[in-house]
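In the working numbering, the protein residues as written are 385 to 716. Beta carbons: idealized from backbone N, C-alpha and C, even for Gly. It should be emphasised that the depicted structure is a prediction, and the values quoted were computed from it without experimental measurement.
Laid out in structure tokens, this is it:
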């Protein structure tokens with residue numbers, strides 16, 4: 385659906401993006417994660433054609449953003465961080481205006497009615513946008529992105545300023561949209577992305593520093609390094625330790641000795657990116673060794689994020705909460 389190749393953006397001597405490349409398939413939700421100033425919005429603005437790149441190329445639905453800008457824009461529904469709303473229009477007037485602006489050919493009344501129902505703004509269609517709450521204005525902004533039923537939705541900080549209930553509602557909506565659309569969700573709020581994304585791309589200081597599913601980022605790869613699993617097994621100690629060492633991907637097995645009669649605890653270190661749970665279960669089941677406890681010490685998404693971006697995330701969120709940023713970068 386999207387192909388970004390060697391994308392760079394310069395503002396004089398300031399480098400906003402540096403050689404960023406990634407591709408996104410159909411019907412998936414991609415979280416675009418990074419601290420403030422990392423290059424998220426710049427990338428979104430280039431994909432949507434709002435600004436041009438200094439170097440590189442972007443194609444959407446097979447159309448190049450420079451060669452076929454109008455075709456690309458037909459493929460995209462864009463919700464910027466501050467939705468482009470007209471406070472003196474009613475919701476109905478505004479959506480009709482967007483319908484005309486996008487030159488949509490779908491049946492007008494039915495299409496707009498479905499969008500209002502989907503974004504839960506039906507009850508405020510006749511009200512002035514300027515009189516709506518922040519939550520409703522965000523929903524109207526999302527509704528305008530859906531006009532024309534574009535295959536790609538680009539959402540830049542869609543829940544900023546919403547209360548917890550409204551955030552959950554928007555998250556659920558994004559999840560449902562991901563079944564029939566490609567969604568790029570830009571945010572610097574970790575739970576926001578983790579709650580809805582099938583895949584996460586992390587940028588920092590204009591460069592792409594991580595790309596994978598939430599599980600992959602939390603359980604290994606270059607970001608997390610070697611992983612550990614702690615397991616309690618019932619069976620013969622020497623045979624269990626030898627068998628665990630033979631599992632593919634295992635680097636080291638350390639025994640903590642007998643914790644219960646006939647039950648032994650082991651720390652298993654495996655290569656980053658290795659999911660040891662299924663092979664471990666298969667080995668234990670085959671030999672009749674009950675697994676009485678299993679705990680992973682994989683890095684959390686926040687741990688991975690902090691390793692890649694330093695203290696920026698904690699500083700941003702501490703300031704937003706009115707608290708001083710921690711000087712240790714979040715390390716305990």
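Rounding to the nearest angstrom, what Cα-Cα distance links residue i and residue j in this structure?
| i | j | result |
| --- | --- | --- |
| residue 632 | residue 679 | 19 Å |
| residue 649 | residue 636 | 14 Å |
| residue 552 | residue 459 | 27 Å |
| residue 402 | residue 576 | 25 Å |
| residue 475 | residue 487 | 18 Å |
| residue 546 | residue 522 | 8 Å |
| residue 447 | residue 393 | 20 Å |
| residue 662 | residue 597 | 18 Å |
| residue 588 | residue 542 | 20 Å |
| residue 644 | residue 652 | 19 Å |
| residue 389 | residue 430 | 12 Å |
| residue 668 | residue 677 | 12 Å |
| residue 479 | residue 415 | 27 Å |
| residue 536 | residue 569 | 11 Å |
| residue 491 | residue 424 | 35 Å |
| residue 626 | residue 539 | 51 Å |
| residue 504 | residue 566 | 21 Å |
| residue 550 | residue 466 | 16 Å |
| residue 489 | residue 518 | 30 Å |
| residue 646 | residue 658 | 28 Å |
| residue 689 | residue 435 | 28 Å |
| residue 579 | residue 520 | 21 Å |
| residue 687 | residue 442 | 31 Å |
| residue 642 | residue 671 | 19 Å |
| residue 621 | residue 599 | 31 Å |
| residue 398 | residue 473 | 39 Å |
| residue 556 | residue 673 | 41 Å |
| residue 422 | residue 584 | 15 Å |
| residue 477 | residue 506 | 13 Å |
| residue 624 | residue 666 | 13 Å |
Would you mind stating whether residue i and residue j have Cβ atoms separated by less than 8 Å?
| i | j | result |
| --- | --- | --- |
| residue 405 | residue 417 | no |
| residue 692 | residue 581 | no |
| residue 453 | residue 433 | yes |
| residue 548 | residue 461 | no |
| residue 529 | residue 463 | yes |
| residue 563 | residue 411 | yes |
| residue 617 | residue 675 | yes |
| residue 468 | residue 512 | no |
| residue 574 | residue 615 | no |
| residue 516 | residue 508 | yes |
For residue i, name the three-state secondary structure that DSSP assigns.
| i | result |
| --- | --- |
| residue 486 | coil |
| residue 428 | helix |
| residue 397 | coil |
| residue 412 | coil |
| residue 602 | helix |
| residue 686 | helix |
| residue 465 | coil |
| residue 481 | helix |
| residue 493 | helix |
| residue 608 | Annotation note: pLDDT 48 at residue 608 (below 50); position unreliable, coordinate value reported separately. It is helical. |
| residue 386 | strand |
| residue 649 | strand |
| residue 508 | helix |
| residue 450 | coil |
Let me check understanding here. Comparing Cα to Cα, which of the options lies closest to residue i?
| i | options | result |
| --- | --- | --- |
| residue 444 | 408, 540, 479, 423 | 408 |
| residue 346 | 647, 688, 670, 611 | The structure shown does not extend to residue 346, since the chain is modelled only from 385 through 716, so no value can be given for it. |
| residue 396 | 567, 389, 514, 437 | 437 |
| residue 685 | 399, 508, 601 | 601 |
| residue 482 | 442, 525, 451 | 525 |
| residue 456 | 386, 492, 413 | 386 |
| residue 501 | 527, 674, 620, 510 | 527 |
| residue 427 | 532, 591, 479, 498 | 591 |
| residue 655 | 629, 639, 671 | 629 |
| residue 499 | 531, 485, 422, 507 | 531 |
| residue 419 | 572, 506, 544 | 572 |
| residue 413 | 624, 621, 622, 561 | 561 |
Mind checking if residue i is an interface residue toward chain C, Cβ cutoff 8 Å exclusive?
| i | result |
| --- | --- |
| residue 643 | Protein chain content of the structure displayed is limited to a single chain, and chain C is not contained in it. |
Go to residue i, then tell me how far its beta strand (DSSP E) extends in each direction, as first and last residue.
| i | result |
| --- | --- |
| residue 596 | 591-596 |
| residue 680 | 675-680 |
| residue 643 | 634-644 |
| residue 587 | 583-588 |
| residue 612 | 611-618 |
| residue 440 | 439-444 |
| residue 566 | 566-571 |
| residue 538 | 536-540 |
Determine the extent of the alpha helix (DSSP H) in which residue i is found, giving its start and end residues.
| i | result |
| --- | --- |
| residue 473 | That residue, residue 473, is in no alpha helix (DSSP H); it is neither H nor E in DSSP. |
| residue 454 | 453-458 |
| residue 669 | 661-671 |
| residue 627 | 621-629 |
| residue 560 | 548-561 |
| residue 574 | 574-580 |
| residue 526 | 518-530 |
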